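S.K.:
Residue numbers (my numbering): 85 to 468.
Right, dumping it as structure tokens:
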């Protein structure tokens, strides 16, 4: 989210996200490994896959902390990882070992970890940390092994503790993807649970920082098609059913949450409303849709943006999404364009003009329809 000229600054940067691509230059977000680029052709040389960019690009090699999932994108298809999962790569490259070799050659203190216990025991003097906690995508919070898989809140806390040691200030990007994934499957229960996990991460960031010198921005890249309906009574379980006979003269019981589209159950069967009372509504339940599609789509709603700290007043009203990183760069005095420091400006928002060497920025990516969305996949920290 920072401008490229940020390389010339002294700010320290870290990313926490659950999906690849934030740091990469690619024609497709699906090109996570060389095996994902189909059909194989010269494009492989023209545009390296996302995992390879993370390890070998100038930007990737400056990341101090990388945490998330997707080990298979870094391993050859003939190799198994620590938990027995197969690799995915066709070029026979073991990018995890190549990362270690690069750090050893540069004489950098480094650690590669693959479970929560190891994360909790990382040495304080480790300069470069690489953590991949699952062979494929990260597990949903309700499905994860609490001994093996760290939460987004734990990664956020670990990131801020590390970043607060820097006298140069820092930029922390927190993103979470399992809410998005759950919505695409019409699994509203898991989407809401992941929303709660995202909220814990933001709360932890607020608790650990000072509003006078830390700008926290929370926003989204898109909405989903989930809606709340059926006039549920006060105190009703939002994941449950509602009988709206008092308002509309029919006796059918319907879910409170529904989607415009997706793989869930259609509302009607042979012209009659489906009997949802027969369904077992648990965290894997696929909520009903207006029309069936392979996956639920994103929505077209405007999404919200929240901000707290110095220059927070800039993040309000209706704005284009691409303005957000420019505003953060302005507030944090990063880049070769106009900044608050260069302009000699003073914040009129909730906070004071920060010292450019100690200013801290935290931005979280979320999605709001009736829930918050934040992709949580890879956590990356680097010194610019």
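We put the beta carbon where it would ideally sit given N, CA and C, even for glycine.
Note that the structure is a prediction, hence the values are computed from the model and not measured.
I need the DSSP call for residue 239, collapsed to helix, strand or coil.
M.R.: Here residue 239 is taken as the residue at index 155 of the chain shown, counted from 1. In the structure shown, residue 239 sits in a helix (DSSP, three-state: H, G or I).
S.K.: Would you mind working out which of 422, 353, 199, 341 sits nearest residue 234, comparing C-alpha positions?
M.R.: Here residue 234 corresponds to residue number 150 of the chain shown, with the count starting at 1. Among 422, 353, 199, 341, the Cα nearest to that of residue 234 is on 199.
S.K.: Consult DSSP for residue 352 and reduce its assignment to one of helix, strand or coil.
M.R.: Sequence index remark: in the chain shown, residue 352 carries index 268 (1-based). Strand.
S.K.: Taking DSSP's pairing of strands, which residues face residue 346 in a bridge?
M.R.: Along the chain shown, read from residue 1 onward, the residue named residue 346 stands at position 262. Looking at the DSSP assignment, residue 346 forms a beta bridge with 376.
S.K.: Using the C-alpha atoms, what's the distance from residue 363 back to residue 308?
M.R.: Here residue 308 refers to the residue found at position 224 of the chain shown. Here residue 363 refers to the residue found at position 279 of the chain shown. If I take the Cα positions, the gap works out to 24 Å.
S.K.: For residue 268, does the count of other Cβ atoms within 10 angstroms reach 16, so buried, or fall short, so exposed?
M.R.: In the chain shown, residue 268 corresponds to position 184, counting from 1. Looking at its Cβ environment, which holds 16 or more other Cβ atoms inside 10 Å, residue 268 is buried.
S.K.: Any idea if residue 276 is buried or exposed, counting beta-carbon neighbours within 10 angstroms, 16 or more meaning buried?
M.R.: Here the question's residue 276 lines up with position 192 in the chain shown. Residue 276 comes out buried.
S.K.: Classify residue 172 as buried or exposed, calling it buried when 16 or more other Cβ atoms lie within 10 Å of its own Cβ.
M.R.: For this step, residue 172 is matched to residue 88 along the chain shown. It counts as buried.
S.K.: What alpha helix (DSSP H) runs, 4 residues minimum, are completely inside the region 178-253?
M.R.: DSSP runs (the alpha helix (DSSP H)) wholly in the region 178-253: 179-189, 200-204, 236-247.
S.K.: To the nearest angstrom, report how far apart residue 347 and residue 223 are at their CA atoms.
M.R.: Against the chain shown, residue 347 aligns to sequence position 263. Against the chain shown, residue 223 aligns to sequence position 139. Residue 347 and residue 223: Cα-Cα distance of roughly 20 Å.
S.K.: Is residue 392 helix, strand or coil by DSSP?
M.R.: In the chain shown, counting from the first residue as 1, residue 392 sits at position 308. Three-state result, residue 392: strand.
S.K.: Taking only the alpha-carbon atoms, compute the straight-line gap between residue 246 and residue 148 and give it to the nearest angstrom.
M.R.: Taking the chain shown and counting its residues from 1, one reaches residue 246 at position 162. Taking the chain shown and counting its residues from 1, one reaches residue 148 at position 64. Cα to Cα, the separation comes out at about 10 Å.
S.K.: Answer yes if the region 291-305 comes into contact with the region 368-376, meaning at least three C-beta pairs across the two stretches below 8 Å, and no otherwise.
M.R.: No, the region 368-376 is not in contact with the region 291-305.
S.K.: State the CB to CB distance for the pair residue 201 and residue 231, rounded to an integer number of angstroms; the pair is presumed to be in contact (CB under 8 Å).
M.R.: Within the chain shown, the letter at position 117 stands for residue 201. Within the chain shown, the letter at position 147 stands for residue 231. Right, their Cβ atoms sit about 7 Å apart.
S.K.: Please tell me whether residue 167 and residue 219 are closer than 8 Å, where the distance is taken between their beta carbons.
M.R.: Residue 167 sits at position 83 when you count from the first residue of the chain shown. Residue 219 sits at position 135 when you count from the first residue of the chain shown. In this structure, residue 219 lies closer than 8 Å to residue 167 by Cβ.
S.K.: Sort 312, 359, 320, 354 by Cα distance to residue 343 and report the nearest one.
M.R.: Sequence index remark: in the chain shown, residue 343 carries index 259 (1-based). Taking only the C-alpha atoms, the option nearest residue 343 is 312.
S.K.: Within 10 Å of its beta-carbon, does residue 404 have 16 or more other beta-carbons around it, so buried, or fewer, so exposed?
M.R.: Taking the first residue of the chain shown as 1, we reach residue 404 at position 320. Exposed: under 16 other Cβ atoms inside 10 Å.
S.K.: Buried or exposed, going by whether 16 or more other CB atoms sit within 10 Å of the CB of residue 388?
M.R.: Walking along the chain shown from the start, residue 388 turns up at place 304. Residue 388 should be labelled exposed.
S.K.: Tell me, to the nearest whole angstrom, how far the beta carbon of residue 340 is from that of residue 314; I am working on the premise that it is less than 8 Å.
M.R.: Within the chain shown, residue 340 is the residue found at index 256, counting from 1. Within the chain shown, residue 314 is the residue found at index 230, counting from 1. Between residue 314 and residue 340 the Cβ distance is about 5 Å, and since that is below 8 Å, they are a contact.
S.K.: When the distance is taken between beta carbons, is residue 107 closer than 8 Å to residue 144?
M.R.: On the chain shown, position 60 is the one that residue 144 refers to. On the chain shown, position 23 is the one that residue 107 refers to. For residue 144 and residue 107, yes; Cβs fall inside 8 Å.
S.K.: In this structure, how does DSSP classify residue 327 when only helix, strand and coil are distinguished?
M.R.: Within the chain shown, residue 327 is the residue found at index 243, counting from 1. Residue state, collapsed to three classes: strand.
S.K.: Could you pull the DSSP bridge partners for residue 173 from this structure?
M.R.: Counted from its first residue, the chain shown places residue 173 at position 89. Answer is 160, bridged to residue 173.
S.K.: How far does the alpha helix (DSSP H) with residue 263 in it extend, from its first residue to its last?
M.R.: Position 179 of the chain shown holds residue 263. Segment 262-268, the alpha helix (DSSP H) holding residue 263.
S.K.: Flag residue 181 as yes if its beta-carbon sits less than 8 Å from any beta-carbon of chain B, otherwise no.
M.R.: Reference to chain B is not applicable here, since this structure consists of a single protein chain.
S.K.: Going by CA-CA distance only, name the one from 323, 270, 299 that's closest to residue 390.
M.R.: Translated into positions along the chain shown, residue 390 becomes position 306. Of 323, 270, 299, the residue nearest in Cα terms is 299.
S.K.: What would DSSP say about residue 310, mapped onto helix, strand or coil?
M.R.: The sequence position of residue 310 within the chain shown is 226, counting from 1. Three-state DSSP puts residue 310 in a strand.
S.K.: Assign residue 353 to buried or exposed, taking buried as 16 or more other Cβ atoms, counted over all protein chains shown, within 10 Å of its Cβ.
M.R.: Counting from 1 along the chain shown, the entry for residue 353 is found at position 269. With fewer than 16 other Cβ atoms within 10 Å, it is exposed.
S.K.: Just how far apart, CA to CA, sit residue 358 and residue 337?
M.R.: Taking the first residue of the chain shown as 1, we reach residue 358 at position 274. Taking the first residue of the chain shown as 1, we reach residue 337 at position 253. So the alpha carbons of these two residues sit roughly 9 Å apart.
S.K.: Does the beta-carbon distance from residue 135 to residue 174 come in below 8 Å?
M.R.: As a working note, residue 135 is residue 51 in the chain shown. As a working note, residue 174 is residue 90 in the chain shown. In this structure, residue 174 does not lie closer than 8 Å to residue 135 by Cβ.
S.K.: Considering Cα atoms alone, identify which of 396, 289, 142, 401 is closest to residue 238.
M.R.: Here the question's residue 238 lines up with position 154 in the chain shown. Out of 396, 289, 142, 401, 289 has the C-alpha closest to the C-alpha of residue 238.
S.K.: Expressed to the nearest angstrom, what Euclidean distance is found between the alpha-carbon atoms of residue 142 and residue 400?
M.R.: By 1-based counting over the chain shown, the position of residue 142 is 58. By 1-based counting over the chain shown, the position of residue 400 is 316. Rounded to whole angstroms, residue 142 to residue 400 spans 35 Å at the Cα level.
S.K.: Can you check which of these residues, 256, 255, 270, is closest to residue 262 by C-alpha distance?
M.R.: In the chain shown, the residue the question calls residue 262 occupies position 178. Cα-wise, what sits closest to residue 262 is 270.
S.K.: When you compare only the Cα positions, how much space is there between residue 221 and residue 266?
M.R.: To locate residue 221, count along the chain shown from 1; it is residue 137. To locate residue 266, count along the chain shown from 1; it is residue 182. Approximately 12 Å, taken between the alpha carbons.
S.K.: Using only CA atoms, which one of 140, 122, 119 lies nearest to residue 109?
M.R.: On the chain shown, position 25 is the one that residue 109 refers to. The option with the nearest alpha carbon to residue 109 is 140.
S.K.: For a quick check, are the C-beta atoms of residue 212 and residue 187 less than 8 Å apart?
M.R.: Within the chain shown, residue 212 is the residue found at index 128, counting from 1. Within the chain shown, residue 187 is the residue found at index 103, counting from 1. Closer than 8 Å, so yes.
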